[in-house]
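Everything on this sheet refers to the single structure shown next.
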Amino acid sequence: MMRDDFAVMILTHGRADRVYTVNSLRKGGYTGKVYFVIDNEDDQHDEYVRRYGQDRVVVFDKEAQMRKCDTMDTFGKKGVILFARNACFEIAKDLGLTYFLELDDDYTSFDMRFPKDGKLSAKPCRDLDKLFTAMIEFLIQSDALTVALSQGGDYIGGLNGRYYEKMLTRKAMNTFFCRADRPIGFIGTINEDVNAYTTHGSRGEKIFSVTQAAIVQKETQSNAGGMTGVYLDNGTYLKSFYTVMTMPSCVTIAMMGSSHKRIHHNVSWVNCVPMILNQRYKKT
């Protein structure tokens, strides 16, 4: 059974009938608490309540969060996840939680990743209680600000892509295992996760993703609602520049991909975060 002071929070908007993540959690054997975090301007509120129950749908005041958050612009866009990300810490305290996990609503699977027959293989996790418990213990033992699972796209190139062999990376996106009493402080209308791990990482905060487990998502612009409209309006060019604005010392714009190139942020890690030395180098 999952520990009682922990809950999953699924951040969602306008997708009451398409919260793929909740089915993926059930298929993965998760037995703990699940809350659906929506804002008070979501016209599908009643449908969320009908489907998931009044006690599991948590509503936050979007205007109030907008006044608290640094959007890094003057656009006044409301259809972004930034406000929900930061609201979750207040929600967790109100619910009496010690730890929680922020998830988007479009995950189709939670996969374990491992080498097999010279290739990088994937298999759906069937004991998410065990995986999530291990991630919480990692959060505690590492004293990290947050820890995360990887994304499917991180594994492009398989074992030759060199991502898996790192075991740990210094970023966190989409999935955030958090302490209720230690807010991350997300910033920026778009790219709020990258803005957070580069900015806080540069200040010495430990932020990690494990490469042995990952989430698989729907394509960003194939699922209406959520932040799809923002991405369709602005593309990756504007998105990437938010992180350049907050961390110009280590983030640049680059053309990424092999055959189908697109503009993306590029992080120079040696200029971004303090290096963590192996304990064997400690002077006695």
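The sequence shown begins at 314 in the working numbering and counts up by one. Every residue gets a Cβ at the ideal spot worked out from N, C-alpha and C, and that includes glycine.
When secondary structure is reduced to three states using DSSP, Phe-388 falls in the coil class, being assigned neither helix nor strand.
Exclusion of the five residues before and after Thr-446 leaves Met-315 and Arg-316 as the residues of its chain whose Cβ lies within less than 8 angstroms of its Cβ. One alpha carbon belongs to Lys-390, the other to Tyr-594, and they sit about 48 angstroms apart. If the five residues before and after Glu-518 are omitted, its C-beta is found closer than 8 angstroms to the C-beta atoms of Ala-457 and Leu-458, all from its own chain and listed in chain order.
Looking at the backbone, the Cα of Ala-405 and that of Thr-597 are separated by about 42 angstroms. Going by beta carbons, Leu-338 and Leu-472 fall outside the 8 angstroms limit.
Here Lys-443 has no same chain residue with a Cβ atom under 7 angstroms from its own Cβ, once five neighbours each way along the sequence are excluded.
Contact annotation, Met-486 with Leu-416: C-beta distance approximately 12 angstroms; criterion of less than 8 angstroms not satisfied.
Under DSSP, Lys-432 forms a beta bridge with Lys-429. Residue burial annotation: Asn-508 is buried, with at least 16 other C-beta atoms found within 10 angstroms of its C-beta. Beyond the five residues adjoining it in sequence on each side, Lys-531 comes within less than 7 angstroms, by CB distance, of Tyr-333, Asp-419 and Thr-421 in the same chain, given in chain order. Taken through DSSP and simplified to helix, strand or coil, Met-569 comes out as strand.
Between Asp-352 and Val-335, the CB-CB gap reaches or exceeds 8 angstroms. Annotation for Cys-491: the continuous beta strand (DSSP E) segment containing it runs 489 to 492. Beta-bridge partners assigned by DSSP to Asn-579: Thr-565. In the three-state scheme derived from DSSP, where H, G and I count as helix and E and B as strand, Met-486 is classed as coil. In this structure Met-448 is buried. Its beta-carbon is surrounded by 16 or more other beta-carbon atoms within 10 angstroms.
Separation of the CB atoms of Val-393 and Ile-503 is rounded to 7 angstroms, and the pair is thereby assigned contact status at 8 angstroms. DSSP places Asp-352 in the strand class (E or B) of the three-state scheme.
For Thr-459, the uninterrupted beta strand (DSSP E) run begins and ends at 459 to 464, by DSSP. In the structure shown, the three-state DSSP call for Ile-323 is strand. DSSP places Phe-499 outside both helix and strand once states are collapsed to three, so it counts as coil.
Excluding residues up to 5 positions away in sequence, Arg-483, Gly-514 and Ser-515 lie with their Cβ nearer than 7 angstroms to the Cβ of Val-586 in the same chain. Contact annotation: the stretch 426 to 437 does not touch the stretch 491 to 505, with fewer than three C-beta pairs closer than 8 angstroms. Listed in chain order, the non-local C-beta contacts of Arg-575 below 8 angstroms within the same chain comprise Thr-549, Met-568 and Met-569, local neighbours out to five positions each way being set aside. Residue range 441 to 455 is occupied by the alpha helix (DSSP H) that includes Ile-449. The DSSP-derived three-state label of Leu-338 is helix.
Of Asp-318, Arg-398 and Met-588, the smallest CA-CA separation from Leu-481 is found for Met-588.
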